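The opening position of the sequence shown corresponds to residue 234 in my numbering, with each subsequent residue numbered one higher.
Backbone N, C-alpha and C fix where the C-beta goes; we use that ideal spot for every residue, glycine too.
Quantities reported herein were computed from a predicted structural model and do not represent experimental measurements.
Notes follow once the structure below has been shown.
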Amino acid sequence: MNEFYQMPLFVKLKVRDIEKSKEWYINVLNFTSVFDFQDGNETTSMTHLRGAKYQDLMLIKAAEVNASDSVIINLFSSNIHSIYQAALENKTNIIQQPTIQPWNAKELTLKDPDGYIFTITESVDANKDFDTVIDNVKVQL
234 MNEFYQMPLF
244 VKLKVRDIEK
254 SKEWYINVLN
264 FTSVFDFQDG
274 NETTSMTHLR
284 GAKYQDLMLI
294 KAAEVNASDS
304 VIINLFSSNI
314 HSIYQAALEN
324 KTNIIQQPTI
334 QPWNAKELTL
344 KDPDGYIFTI
354 TESVDANKDF
364 DTVIDNVKVQ
374 L
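See below:
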């Protein structure tokens, strides 16, 4: 059973094939289905998916999709390796393999089936404080 809560922010994405997209988010990003909204023809026209708490997405069926690289959606994960493996198994377009960044994060960047870009982020050292991380960024950049 999914927890019900008011979502302070969520993203709506137009998708061509809602079932294919839903399957990708479940199989690659480990999201779960909260609910599917069906239209009068009993065809799914919107699906609500959830990763971790407050990682909510609404997929909306659309005839035309114009994904762009102007917006990159960032998700935190505690196991980037499993997402990377799932991305490989599902023949996902991997833009950047898991890479350690100066800001104390390992990042993996993917494109979903409709071309939306997601960066998956995992902490490298959770014990580092903010000032130490920022000082390290200044040195490396």
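Please tell me whether residue i and residue j are closer than 8 Å, where the distance is taken between their beta carbons.
i      : j      : result
Thr352 : Ile305 : yes
Ile316 : Leu292 : no
Gly284 : Asn263 : yes
Leu290 : Val244 : yes
Determine the direct distance from the alpha carbon of residue j to that of residue i, and round the result to whole angstroms.
i      : j      : result
Asp302 : Lys255 : 21 Å
Leu242 : Lys371 : 31 Å
Glu322 : Pro331 : 15 Å
Asn337 : Leu308 : 15 Å
His294 : Gln271 : Residue identity check: residue 294 is Lys in the sequence provided, not His. Their Cα atoms are separated by approximately 11 Å.
Val267 : Asn235 : 6 Å
Asp345 : Trp257 : 7 Å
Glu297 : Ile259 : 23 Å
Asp368 : Ser310 : 24 Å
Gln334 : Gln318 : 20 Å
Lys247 : Gln329 : 24 Å
Thr365 : Val357 : 13 Å
Among residues of its own chain, excluding the 5 on either side of residue i, which ones have a beta-carbon nearer than 7 Å to its beta-carbon?
i      : result
Asp269 : Thr277, Thr280
Spatial neighbours of residue i within its chain, please: CB distance less than 8 Å, with the 5 preceding and 5 following residues excluded, ordered by chain position.
i      : result
Ala320 : Val261, Ile327, Leu341, Leu343
Asn274 : none
Note the first and the last residue of the continuous beta strand (DSSP E) segment covering residue i.
i      : result
Thr342 : 338-344
Lys286 : Neither: Lys286 is in no beta strand (DSSP E) and is coded neither H nor E.
May I ask whether a heavy atom of the ligand GDP can be found less than 7 Å away from the beta carbon of residue i?
i      : result
Thr277 : Among the components of this structure there are no ligands whatsoever, and the ligand GDP is therefore not found.
Return the residue from the list the options that minimises the CA-CA distance to residue i.
i      : options                        : result
Gln239 : Lys286, Thr325, Phe363         : Lys286
Gln288 : Ile333, Ser356, Phe237, Phe363 : Phe237
Lys339 : Gln329, Thr325, Glu355         : Glu355
Ile350 : Thr325, Arg249, Lys253, Gln373 : Thr325
Go through its chain and collect everything with a Cβ distance to residue i's Cβ below 6 Å, but skip five positions before and after it.
i      : result
Gly348 : Ala300
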